[in-house]
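Asks: Sharing a structure below in structure tokens format, with a few things to ask.
Number of protein chains: 2
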Amino acid sequence: MSVPVTIYDTTLRDGTQGTGISFSTLDKIRVAERLDDFGVHYIEGGWPGSNPKDAAFFQEAAKRTWKNAKITAFGMTRRGKMKVEEDPQVQMLLDAQTPAVTIVGKTWPLHVTEVFQVSLEENLAMIADTVAYLKKNGREVLYDAEHFFDSFREDPEYSLKTVKAAKDAGADLVVLCETNGGALPEWVEEVTRKVITHLGCPVGIHTHNDGGVGVANALAAVRAGANQVQGTINGYGERVGNCNLITVMPNLQLKMGYNLGLDLTRLRDLAFFVDELANVPHDIRAPYVGIAAFTHKGGLHVHAVQKLARTYEHVDPSLVGNERVITISDMSGQSNILMKAETMGVALAKGSPEVQKILSTVKHLESEGFEFEAAEASFELLIRRQLGQQTQIFDLIEYHTTHRHHPGASLETTEATVKIHVNGNAEYTVDEGDGPVNALDKALRKALLPHFPEIARVRLEDYKVRIIDSGSGTAAKTRVLVVSSDGTRTWGTVGVSTNVIDASWQALVDSLEFFLFRRG
Amino acid sequence: MSVPVTIYDTTLRDGTQGTGISFSTLDKIRVAERLDDFGVHYIEGGWPGSNPKDAAFFQEAAKRTWKNAKITAFGMTRRGKMKVEEDPQVQMLLDAQTPAVTIVGKTWPLHVTEVFQVSLEENLAMIADTVAYLKKNGREVLYDAEHFFDSFREDPEYSLKTVKAAKDAGADLVVLCETNGGALPEWVEEVTRKVITHLGCPVGIHTHNDGGVGVANALAAVRAGANQVQGTINGYGERVGNCNLITVMPNLQLKMGYNLGLDLTRLRDLAFFVDELANVPHDIRAPYVGIAAFTHKGGLHVHAVQKLARTYEHVDPSLVGNERVITISDMSGQSNILMKAETMGVALAKGSPEVQKILSTVKHLESEGFEFEAAEASFELLIRRQLGQQTQIFDLIEYHTTHRHHPGASLETTEATVKIHVNGNAEYTVDEGDGPVNALDKALRKALLPHFPEIARVRLEDYKVRIIDSGSGTAAKTRVLVVSSDGTRTWGTVGVSTNVIDASWQALVDSLEFFLFRRG
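So the protein lines, in turn, are chains A and B. For the first sequence, this note's numbering assigns the number 85 to the initial residue and increments by one for each residue that follows. For the second sequence, this note's numbering assigns the number 85 to the initial residue and increments by one for each residue that follows.
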């Protein structure tokens, strides 16, 4: 640990190359503000020459004050056989008015001559000219050496010439790019060390995850002396994605002893926020920040974690804004229930009759096929009901669904009716839908909305159906898991029945009951 | 690269500790068969002492012949202060009748004394006694040293004593477990090297992914001389998951030069198959096998890839059963169709109009949410229909399901009617069932049975429902997978609709059509 390390975020440029990832200009500004608050050192906002959205971002960014980060524009070295000051793409980099500019250039002889069809000498001139021109115009210049690690394997001498050209022309930092994402850590470490020795100064590292070791490659380069890691939030990026900064940052700060000046207690919020804006479901298994990252299922492990957290936790979850989750599985015992009750603000004593009663109810429901692991709201309702608390919002008299199918589907009908008593009124509603469950969901909301207008805020985010005991064919039991959200919080509920409609009904009712109970 | 490396799969045991992962006994057998076909060397089937499903798996597994893999039972060292032959958990390991047994024992003094409350000496005796007893009973014994890397940091001397005790008692392999998943590769490499020197023989490595470097940690250990990698398909496992074998296997075989004897061209099929049985959505960004893993979005990259694939591809996608995806759809997918047609006894020529027509139908259905990976019967019917072969057995006029639910369920009714034309007769039948799909299944069979009495032999073995596009809540699309059997053969069929009843109907009809067509 000799040099300080900086974090360079390219979510807004390289991240948007990922399948299904796109941000509006406003999204980009909001993400950049979050990253700046969090303490990231460089935020690459886009490629001003490539699309109008990126150009609009830089216009907007230039009006703002940034607390921690330098906003950076990305582009390429000048084209072959053209003067740098006449290349419109380079001109747009200056027009972006950012304090720093990152330009990418070619390293790999194969790529230079066969794909780009310029001479190796001309490529060196393209690099040097562009760096020198941007420096002359007062920019901090970062030089991204594309394909560096593949190129170094075939032609180390020419590869070194390209980064030497950038450095000699005044580049503030040379960044080695593992563009294909296929290198392994020992190669990244070895090559990075050689380049640092050759140039006599630290370099940056930019990796991809195609071999599943994108984070390890970045860490290997840091061990070899790299002083900047480039990556994206949640590892968005083309193909399988870039180096995931959400994983790299805590590894560097909590494990390798680098003080990056980042507020890691907001790490999980940052990860979720960017997912939300990109409209990407959270990866429950994301290291450090995933919902499952500190989830303990086995009874033995739960016992050990309670005695001594570090037996099964690599870091304290609160350091990264996450929390320990004790799931209720068939291996569960009393300790699971006590811990869950504590998070609900209910104090229960180990061995008390209430706990015994709850435990035997849980065991019974689990043997019926319930699973509360991802349905913490149903589990909380179960505890509250066992404790005699009033959570029910209506009495069901009857519901009824009907589905008629004809080939050609023109006469297809799916409808549901719901008859309930709520707040002393009888409500009898009907609606149609894309299937019996959707129709039932709509009819139930129609019946409840006059009494609880706030349920309009409850949105179903996820709906999963699982057949348990699937060997019984179409007579098998069905478990339905519903994930709901009111825009700020998310909760899961569960239902089980041999009939998928009844199972869905249970989970839907639990979801609304939980929301209304929590709202108080 | 000095020692051969083996692959040890623990999807069926450690994988099932993952949030939301569970397999029926039949699922377990099907996964094990796939892994065996693929060439994995050890398949850990479960923990016979922990639940009846695992015990049932071992009973079933003992009846079968395994081509490549050794089936392995997992358990713990004997309990403290008890004779090994009197420990029922150890006895159940022998009852599992597997050629190999893996036992986990404690390494970390903190864990031994504070959580398990036995003395350090007794812990060594527990390890030695259990290994020796299993060896005496003719088993190959693998010893999993839990928490090895955390323990080694605090007390290297005692840590080494535990693995020495296992080795001296006759363990065939000592496996170092990075249980907390928080170590970094350089530590794993250093410790592994020291243990190998101390024991004078290679060891295995078992890692988790909490620091996002689970795969890199396994590779680091192999570099240090480890000769077995333990992990799970798709990285399932508790918290953020185990070392992902789907990533490790191609890294070892394609990049590090280890010949594992695996058929990697079926890697993607294997990954998808296990996801389907576990009812987990495919990670589009999974290294090597994800749908996006060889997808090229940027125009420049597409150009370069077309000129020279290795500029943006770390390996040839066909080596791992994947394919390049670019905006201009090429001949991709043809080879799958040709291979499938060949197994059906139909000769098709590459590039022929029939193949083009089938391919475009498949692409269309896939975009609608169909997946044929586990529904080979539906895929065969699709090809036959496109070739103009007659597979249809009846004309549907209408079906109708109705479900009425009352609290208390005493007045609950679920019934279905089916109106069809079959062999020139009109059949109009009604039945009731445990849910709308079950009622429909029974009514349809009632209508067909007089005409095709042999369908009485067809039994539904498995019925899975999968919500795709689950963000649309209860209006989301549903994919239904049905596995059927006639007592000797098993086949899978698929249906997709926003309505679970319609999706189930499609899969049911395909199942019966396939059976009757095959019967000729």
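A virtual CB, placed ideally from N, CA and C, is assigned to each residue, including glycine.
Is there at least one Cβ from chain A nearer than 8 angstroms to B:Ile585's Cβ?
Replies: Working through the second sequence from its first residue, we reach residue 585 of chain B at position 501. It does: the Cβ of B:Ile585 has a partner Cβ on chain A nearer than 8 angstroms.
Asks: List the DSSP bridge partners of A:His282.
Replies: Residue mapping note: residue 282 of chain A aligns to position 198 of the first sequence, counting from 1. In DSSP, A:His282 forms no bridge with anything.
Asks: Which runs of the alpha helix (DSSP H) spanning at least 4 residues fall entirely within the stretch 112-164 of chain A, listed in chain order?
Replies: Complete alpha helix (DSSP H) runs here, min 4: 136-146.
Asks: Who are the near neighbours of B:Gly571 in its chain, counting only those whose CB is closer than 7 angstroms to its CB and skipping five residues on each side?
Replies: In the second sequence, the residue the question calls residue 571 of chain B occupies position 487. Cβ neighbours of B:Gly571 beyond the five flanking positions: Arg541.
Asks: What's the call for A:Thr103, buried or exposed, on a 16-neighbour Cβ count within 10 Å?
Replies: What you label residue 103 of chain A is simply residue 19 of the first sequence in a count that begins at 1. Buried, because 16 or more other Cβ atoms sit within 10 Å of the Cβ of A:Thr103.
Asks: Would DSSP call B:Ile412 helix, strand or coil?
Replies: Counting from one through the second sequence, the residue named residue 412 of chain B turns up at place 328. Any reading at B:Ile412 must be qualified, since the residue scores a pLDDT of 34, below 50, and its modelled position is unreliable; the value itself is stated next. Residue state, collapsed to three classes: coil.
Asks: At a Cβ cut of 9 angstroms, what residues of the stretch 360-377 of chain B count as close to chain A, listed as they run along the chain?
Replies: Here the close residues are Asn363, Pro365, Asp367, Ile368, Arg369, Ala370, Pro371, Tyr372, Gly374, Ile375, Ala376 and Ala377.
Asks: Skipping 5 residues on each side, what residues in its chain have a beta carbon closer than 8 angstroms to that of B:Asp359?
Replies: Your numbering for residue 359 of chain B matches position 275 in the second sequence. Around B:Asp359: Asn318, Pro365 and His366.
Asks: Around the C-beta of B:Met415, are 16 or more other C-beta atoms found within 10 angstroms, so that it is buried, or is it exposed?
Replies: Against the second sequence, residue 415 of chain B aligns to sequence position 331. Because the pLDDT of B:Met415 is 37, which lies under 50, any placement of that residue in the model is unreliable, and the number read from its coordinates should be weighed accordingly. Classification of B:Met415: exposed, given that the 10 Å Cβ count is below 16.
Asks: Could one say the Cβ of B:Lys339 lies closer than 8 angstroms to chain A's Cβ atoms, at least one of them?
Replies: Counted from its first residue, the second sequence places residue 339 of chain B at position 255. Judged by the 8 angstroms Cβ criterion, B:Lys339 is in contact with chain A.
Asks: Report buried or exposed for A:Ala433, applying the criterion of at least 16 other Cβ atoms within 10 angstroms of its Cβ.
Replies: As a first step, residue 433 of chain A is located in the first sequence; it is residue number 349 there, counting from the start. It counts as exposed.
Asks: Using a cut-off of 7 angstroms between C-beta atoms, extract the partners of A:Ile551 located in chain B.
Replies: As a first step, residue 551 of chain A must be located in the first sequence, where it is residue number 467. In chain order: Tyr547, Lys548 and Val549.
Asks: Can you list the beta strand (DSSP E) stretches of 3 or more residues lying completely in the stretch 479-550 of chain B, in chain order?
Replies: List check, beta strand (DSSP E) in window: 479-489, 497-506 and 509-516.
Asks: Taking A:Asn406 as the reference, give the member of A:Lys381, A:Ser203, A:Ala376 and A:Phe601 with the closest Cα.
Replies: Sequence index remark: in the first sequence, residue 406 of chain A carries index 322 (1-based). Selected option, being the one with the closest Cα: A:Ala376.
Asks: Starting from the beta carbon of A:Ala300, find every residue of chain B whose beta carbon is closer than 7 angstroms, and list them in chain order.
Replies: Translated into positions along the first sequence, residue 300 of chain A becomes position 216. By Cβ distance, chain B contributes Pro269, Val297 and Ala300.
Asks: Is the CB of B:Asn335 under 8 angstroms away from at least one CB in chain A?
Replies: The residue labelled residue 335 of chain B in the question sits at position 251 within the second sequence. Yes, B:Asn335 lies at the interface with chain A (some Cβ there is under 8 angstroms from its Cβ).
Asks: Let me check one thing: in DSSP terms, what residues is B:Gly405 bridge-paired to?
Replies: Taking the second sequence and counting its residues from 1, the one referred to as residue 405 of chain B is at position 321. In DSSP, B:Gly405 forms no bridge with anything.
Asks: Does the distance from the CB of B:Ala267 to the CB of B:Ile289 come in under 8 angstroms?
Replies: The count along the second sequence starts at 1 and reaches residue 267 of chain B at position 183. The count along the second sequence starts at 1 and reaches residue 289 of chain B at position 205. No, the Cβ-Cβ distance between B:Ala267 and B:Ile289 is not below 8 angstroms.
Asks: Report the residue from B:Ala425, B:Asp546, B:His448 and B:Thr501 whose alpha carbon sits nearest the alpha carbon of B:Val439.
Replies: For this step, residue 439 of chain B is matched to residue 355 along the second sequence. Answer by Cα proximity: B:Ala425.
Asks: With DSSP collapsed to three states, give me the class of A:Arg394.
Replies: In the first sequence, residue 394 of chain A corresponds to position 310, counting from 1. Residue state, collapsed to three classes: helix.
Asks: Residues of chain B with a CB under 7 angstroms from the CB of A:Ala560: which are they?
Replies: Numbered from its first residue, the first sequence carries residue 560 of chain A at position 476. Per Cβ cutoff of 7 angstroms: Tyr547.
Asks: So B:Pro172 contacts chain A; which residues on that side make the cut at Cβ distance below 7 angstroms?
Replies: Position 88 of the second sequence, counted from the start, is the residue given in the question as residue 172 of chain B. Those within 7 angstroms of B:Pro172 in chain A number zero; the least Cβ separation is about 16 angstroms.
Asks: Looking only at its chain, what residues have a beta carbon closer than 7 angstroms to the beta carbon of A:Asp213, apart from the 5 residues adjacent to it on each side?
Replies: The residue labelled residue 213 of chain A in the question sits at position 129 within the first sequence. Taken in chain order, the residues that qualify are Arg162 and Val168.
Asks: Give me the chain A residues within the contact set of B:Ala388, using Cβ-Cβ distance strictly less than 8 angstroms, ordered along the chain.
Replies: Sequence index remark: in the second sequence, residue 388 of chain B carries index 304 (1-based). The answer, in chain order, is His195 and Val199.
Asks: Please compile the residues from chain B whose C-beta is within a distance smaller than 7 angstroms of the C-beta of A:Pro491.
Replies: For this step, residue 491 of chain A is matched to residue 407 along the first sequence. The contacting residues are Leu480.
Asks: B:Ile211 and B:Ala249 look like a contact to me (Cβ under 8 angstroms); what is the Cβ gap, rounded to whole Å?
Replies: Sequence index remark: in the second sequence, residue 211 of chain B carries index 127 (1-based). Sequence index remark: in the second sequence, residue 249 of chain B carries index 165 (1-based). Correct: roughly 5 angstroms between the Cβ atoms.
Asks: Under 8 angstroms between the Cβ atoms of A:His487 and B:Thr485?
Replies: Working through the first sequence from its first residue, we reach residue 487 of chain A at position 403. Working through the second sequence from its first residue, we reach residue 485 of chain B at position 401. Contact: yes.
Asks: Among residues of its own chain, excluding the 5 on either side of B:Arg118, which ones have a beta-carbon nearer than 7 angstroms to its beta-carbon?
Replies: As a first step, residue 118 of chain B is located in the second sequence; it is residue number 34 there, counting from the start. The answer, listed in chain order, is Leu354 and Phe357.
Asks: Alpha carbon to alpha carbon, how far is A:Leu283 from B:Glu241? Give it in angstroms, no decimals.
Replies: In the second sequence, the residue the question calls residue 241 of chain B occupies position 157. In the first sequence, the residue the question calls residue 283 of chain A occupies position 199. Between B:Glu241 and A:Leu283, the C-alpha separation is close to 43 angstroms.
Asks: Please classify A:Arg602 as buried or exposed, where buried requires at least 16 neighbouring CB atoms within 10 angstroms.
Replies: Here residue 602 of chain A corresponds to residue number 518 of the first sequence, with the count starting at 1. Classification for A:Arg602: exposed.
Asks: In chain B, which residues lie less than 9 angstroms from A:Glu511 when you measure between Cβ atoms?
Replies: The residue given as residue 511 of chain A occupies position 427 in the first sequence. None at all; the shortest Cβ gap to chain B is about 15 angstroms.
Asks: Can you name the start and end residues of the alpha helix (DSSP H) that A:Ser569 belongs to?
Replies: Residue 569 of chain A sits at position 485 when you count from the first residue of the first sequence. That residue, A:Ser569, is in no alpha helix (DSSP H); its beta strand (DSSP E) goes Lys561 to Ser569.
Asks: Can you say whether B:Asn335 is buried or exposed, counting buried as having 16 or more other CB atoms within 10 angstroms of its CB?
Replies: If you number the second sequence from 1, residue 335 of chain B lands on position 251. Classification for B:Asn335: buried.
Asks: Does the stretch 501-510 of chain B come close enough to the stretch 469-484 of chain B to have 3 or more Cβ pairs within less than 8 angstroms?
Replies: Verdict: yes, contact present.
Asks: Would you mind stating whether B:Leu403 and B:Thr349 have Cβ atoms separated by less than 8 angstroms?
Replies: Here residue 403 of chain B corresponds to residue number 319 of the second sequence, with the count starting at 1. Here residue 349 of chain B corresponds to residue number 265 of the second sequence, with the count starting at 1. In contact: B:Leu403 and B:Thr349 (Cβ atoms closer than 8 angstroms).
Asks: Identify whether A:Val185 lies in helix, strand or coil by the three-state DSSP scheme.
Replies: Numbered from its first residue, the first sequence carries residue 185 of chain A at position 101. Strand.
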